[in-house]
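Peer 1: The listed protein sequences correspond, in order, to chains F and D.
Numbered as in the numbering used here, the first sequence ends at 767 without a single skipped number.
Numbered as in the numbering used here, the second sequence ends at 767 without a single skipped number.
There are 2 protein chains.
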Amino acid sequence: MGKPTISDLARAAGVSPTTVSHAFSGRRHVDPETRERIHALAREMGYHPNSAAQRLRSGRTGIIALASSMPFAIAAGPSRLGFLMEIAASAAISALTRDIALCLIPPQPPEKNLDMLGFDGVILVEPACDDPLVGHFEARRTPVISIGKVPGREDIPAIDLRSRDTALLLLDHLHQQGCRRIALVTGTSPRTSQIETRAAYRDFAAARAMPPEVLELDETGGEDLARARVRELLQVRPELDGLMVPVDAFASGALAAAHELGRALPRDLRMVTRYDGLRAKLAAPPLTAVDLHLAQIAGMAVELLLDRIDGKPRQVQAPRPTLVARRSSVADDNGKLSS
Amino acid sequence: MGKPTISDLARAAGVSPTTVSHAFSGRRHVDPETRERIHALAREMGYHPNSAAQRLRSGRTGIIALASSMPFAIAAGPSRLGFLMEIAASAAISALTRDIALCLIPPQPPEKNLDMLGFDGVILVEPACDDPLVGHFEARRTPVISIGKVPGREDIPAIDLRSRDTALLLLDHLHQQGCRRIALVTGTSPRTSQIETRAAYRDFAAARAMPPEVLELDETGGEDLARARVRELLQVRPELDGLMVPVDAFASGALAAAHELGRALPRDLRMVTRYDGLRAKLAAPPLTAVDLHLAQIAGMAVELLLDRIDGKPRQVQAPRPTLVARRSSVADDNGKLSS
DNA sequence: AAAGGTAAGCAAACCGATTTGCATAAGGTT
DNA sequence: AACCTTATGCAAATCGGTTTGCTTACCTTT
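Rendered as structure tokens:
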């Protein structure tokens, strides 16, 4: 005994399948009494429309994908996973409430098999410039949106991560805490967040007549690379009193470097990072970071994508990032802190 | 112009749709020359079988789900996320290579919508005893397997996480390092891993005539609860020289407690945890943990589920957990260590 | 009474693949 | 020549919904 089909239900209700369909979709008028009878019977029989049949007719697969091109397994991996998973969890909820499945596309996916499963649309997480996934899906005319703009592709709808705002938030915070010589330690990958952060930093430096000091590191080097290079930097530029280190793996390394050089935080040096994940929270001292409101952003991304699939235009405004001040940049007795 | 269908391809190749279908599926013999022509043409035209149509015919949705009943957002959340995401990433790869989409089921999913999207099967991650999701899917006759046995449900196929082995691995390690009074700090949730760990601990204690000391804490209390309670424990039982703390959030708390009491690791106290995630790696000192080989386990879980869906029985053997020794339990000069 | 409008619902086509039963042709056997 | 095999491929049914065009019945209007 399989699951009841629309015909079973129609027979039981003494109507045609057409009427049952209309009773559910509302695309045509059905006598209210009949409709109620059908609905009641459906509940009783445990009828649910077969999604494969609906999809065949509608041409939709009912699956959207979430993809991050950044390798999971690099040194910065675990944090990246946290970032991605926060988004995935919220996006999955948003999608499920709309009867859409959220499918994870792993990094380095088996290209060949990617197009067998058709996706109705794809959400890219912080894509890089010329990301291969963008080309892949555009070639298949699969709607794409991104969380964090695709560099150089203003035409692709995106939820702006507001990295400029984030950077200025952190820089202003450091400045308020008394920092006058702030360096930026950042990655080399061509993502919007890095590009905007660098620009914001330079603007900030110019406005305050602060000599800019930027250290760009290959993300694959991870914590160890950052420790070595930040150590050098702090030795060459002992006057530095603030470090903005958006990549949290680098921040871990920077913290180790400061510790090795005997520079106590926040007294001798203040440090901030971007993503408020496990790394920031567990660091010693805990790192000031930014709440990007990823859960909210993920929900918006799903909405944006679904509207895009339906051909509806739509503008969304990402939430403003907020500061999470911690002991890496604020002395204990200097106002209230999040732990 | 939409995507080419099987009829388009058949027309172009000068054969019937039937022949095209057979050329791909191999279910009936097709002249090799014809088959090659069809394949070549398919490649050229960019033909891919419509998955919705295949699914309608086969009765499969082509979607499997990955569900963790443990809330994402509780105190232990971030680590749990890491654990889950490691599994999700690998499972997604395994699934994709088989043209199956892996869909995330968030905790507290919108029950109503869960059955609209039919899943071909579900992988549960470390379900608790009487997990509501088990009942939910069994009622819908959806095949279910789990990573970590479902307590009290030997009939549900599972990849054994081998928690007894894990516990004994850790206990033996501590013992080898000289610990003679080891306490167990664990959670209260009724998961197989906790049940087996407790049993293994009691057996170990009995075999060594070591007085057992077990501290059970509510997982939602997280790090802070663990810190307070472990501190009490260490004060009441100063003779303790080893702590096995499988829940890594508790291990963070325990570490803080030890630090507060001035007990240096590994000299005055040795500590080990289970999941080798960010928490274990970032702790000061880094925590000895266990590599559960989650990626491999995830791949096996997908295979097990797919075979189960096909009605094939199958026994799988989970990989043996391996120790990752770190400075929380091993002195610096005491052999080689992973960082 | 004729014309027009609306309410309610059905039959059949359709989405794109898979599968079953049958047809035709070529080759081999007796 | 009659018969059997094997190779090759097609037509049609099927999966379970959705959508379009049509029918019937009933009510209103002039």
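A virtual CB, placed ideally from N, CA and C, is assigned to each residue, including glycine.
Ala-611/F and Leu-693/F look like a contact to me (Cβ under 8 Å); what is the Cβ gap, rounded to whole Å?
Peer 2: The pair is not a contact, with the Cβ atoms about 14 Å apart (cut-off 8 Å).
Peer 1: Considering only the beta carbon of each residue, do Gly-805/F and Leu-561/D sit closer than 8 Å?
Peer 2: As displayed, chain F neither begins before 429 nor continues past 767, which places residue 805/F out of reach and without an answer.
Peer 1: Do you know whose CA, among His-564/F, Arg-471/F and Ser-680/F, lies nearest Arg-702/F's CA?
Peer 2: Checking every option, the nearest Cα to that of Arg-702/F belongs to Ser-680/F.
Peer 1: Quick one: what's got a C-beta closer than 8 Å to Ala-682/F's C-beta in the same chain, skipping five residues either side?
Peer 2: Cβ neighbours of Ala-682/F beyond the five flanking positions: Val-613, Ala-654, Arg-655, Val-658, Leu-671, Val-673 and Met-699.
Peer 1: If you drop the 5 nearest sequence neighbours on each side, which residues of the same chain put their C-beta closer than 6 Å to that of Val-730/D?
Peer 2: For Val-730/D, where only same-chain residues beyond five positions count, the Cβ hits under 6 Å are Ala-519, Ser-522 and Ala-523.
Peer 1: Beta carbons nearer than 7 Å to chain D: which residues of the stretch 471–482 of chain F have them?
Peer 2: Residues passing the 7 Å Cβ filter: His-476, Ser-479, Ala-480 and Ala-481.
Peer 1: With burial defined as no fewer than 16 other Cβ atoms inside 10 Å of the residue's Cβ, what is the status of Arg-707/F: buried or exposed?
Peer 2: So Arg-707/F ends up on the buried side.
Peer 1: Any beta-carbon of chain F closer than 8 Å to the one on Ser-766/D?
Peer 2: Low confidence applies here, because Ser-766/D scores a pLDDT of 46, under 50, leaving its location unreliable; read the following figure in that light. Closer than 8 Å: no.
Peer 1: Is Ala-717/D helix, strand or coil by DSSP?
Peer 2: Reduced to three states, the DSSP call for Ala-717/D is strand.
Peer 1: For Leu-456/F, which residues of its own chain have a beta-carbon under 6 Å away from its beta-carbon, when the five flanking residues on both sides are left out?
Peer 2: Per the sequence shown, the amino acid found at residue 456/F is Arg instead of Leu. His-450.
Peer 1: Please report the residue range of the alpha helix (DSSP H) in which Arg-592/D lies.
Peer 2: Arg-592/D -> alpha helix (DSSP H) spans 591–604.
Peer 1: Could you tell me whether any Cβ in chain D is nearer than 8 Å to the Cβ of Gly-546/F?
Peer 2: It does; some Cβ of chain D falls within 8 Å.
Peer 1: Rounded to the nearest angstrom, what separates Met-473/D and Met-473/F at their Cα positions?
Peer 2: Spanning the two alpha carbons is a distance of roughly 44 Å.
Peer 1: Spatial neighbours of Asp-676/F within its chain, please: CB distance less than 8 Å, with the 5 preceding and 5 following residues excluded, ordered by chain position.
Peer 2: These residues qualify, in order along the chain: Ala-504, Ser-507, Thr-701, Arg-702, Tyr-703, Gly-705, Arg-707, Ala-708, Leu-715 and Ala-717.
Peer 1: Between Gln-743/D, Ala-711/D, Ala-759/D and Thr-750/D, which lies nearest to Leu-722/D when the distance is taken from Cα to Cα?
Peer 2: When only C-alpha atoms are compared, the closest one is Thr-750/D.
Peer 1: Tell whether a beta-carbon distance below 8 Å holds between Ala-685/D and Ser-756/D.
Peer 2: Taking 8 Å as the Cβ cut-off, Ala-685/D and Ser-756/D do not qualify as a contacting pair.
Peer 1: Tell me, please, whether the CB atom of Met-672/D is closer than 8 Å to any CB atom in chain F?
Peer 2: Answer no: the Cβ-Cβ gap between Met-672/D and chain F never drops below 8 Å.
Peer 1: Tell me which residue opens and which closes the beta strand (DSSP E) that Val-642/F is part of.
Peer 2: Note, Val-642/F: beta strand (DSSP E), 642–645.
Peer 1: Quick one: what's got a C-beta closer than 7 Å to Gly-546/D's C-beta in the same chain, skipping five residues either side?
Peer 2: Excluding sequence neighbours, Gly-546/D sits near Thr-489.
Peer 1: Can you give me the C-alpha to C-alpha distance between Ser-574/F and Arg-581/F, rounded to a whole angstrom?
Peer 2: Ser-574/F and Arg-581/F: Cα-Cα distance of roughly 11 Å.
Peer 1: Determine whether the Cβ of Ile-737/F lies closer than 8 Å to any Cβ atom of chain D.
Peer 2: No, Ile-737/F does not count as interfacial toward chain D.
Peer 1: Comparing the C-beta of Ala-520/F with each C-beta of chain D, is any distance below 8 Å?
Peer 2: Chain D, which has a Cβ nearer than 8 Å to the Cβ of Ala-520/F, makes this yes.
Peer 1: Using C-beta distances below 6 Å, list every residue in its chain close to Ile-737/F, excluding the 5 sequence neighbours before and after it, in chain order.
Peer 2: Excluding residues within five positions, the ones whose Cβ falls inside 6 Å are Asp-548, Gly-549 and Pro-571.
Peer 1: Using only CA atoms, which one of Asp-646/D, Asp-600/D and Gln-663/D lies nearest to Arg-636/D?
Peer 2: Answer by Cα proximity: Asp-600/D.
Peer 1: Which first and last residues belong to the alpha helix (DSSP H) in which Met-473/F is found?
Peer 2: Here the alpha helix (DSSP H) through Met-473/F covers 460–473.
Peer 1: Please report how far the alpha carbon of Lys-740/F lies from the alpha carbon of Pro-585/F, in whole angstroms.
Peer 2: Near 12 Å, if we compare the C-alpha coordinates of Pro-585/F and Lys-740/F.
Peer 1: Quick one: what's Met-699/F bridged to in DSSP?
Peer 2: BP columns for Met-699/F point to Leu-671/F.
Peer 1: Using a Cβ-Cβ distance cut-off of 8 Å, determine whether Ser-417/D contacts chain F.
Peer 2: Since the displayed chain D opens at 429 and closes at 767, residue 417/D lies outside it and no answer follows.
Peer 1: Of all Cβ atoms in chain D, is any one closer than 8 Å to the Cβ of Ala-503/F?
Peer 2: Legend: pLDDT at Ala-503/F = 39, less than 50; position of this residue unreliable, no value from coordinates given.
Peer 1: Ile-515/F CB to nearest chain D CB: under 8 Å?
Peer 2: Judged by the 8 Å Cβ criterion, Ile-515/F is not in contact with chain D.
Peer 1: The beta strand (DSSP E) spanning Val-572/D covers which residue range?
Peer 2: From DSSP, the beta strand (DSSP E) with Val-572/D extends over 572–575.
Peer 1: Which bits of chain D does Pro-534/F rub up against, with CB to CB less than 8 Å?
Peer 2: Those are Ala-517, Ser-518, Ala-520, Ile-521 and Leu-524, listed as they occur along chain D.
Peer 1: Ends of the beta strand (DSSP E) at Leu-494/F?
Peer 2: That run of the beta strand (DSSP E) goes 491–496.
Peer 1: So is Pro-460/D buried or exposed if we call it buried at 16+ other beta carbons inside 10 Å?
Peer 2: Classification of Pro-460/D: exposed, given that the 10 Å Cβ count is below 16.
Peer 1: On the DSSP letters alone, give me the boundaries of the alpha helix (DSSP H) that Thr-625/F sits inside.
Peer 2: Per DSSP, Thr-625/F belongs to the alpha helix (DSSP H) from 620–635.
Peer 1: So is Gly-510/F in contact with chain D if we call contact Cβ pairs under 8 Å?
Peer 2: At least one chain D Cβ lies under 8 Å of Gly-510/F.
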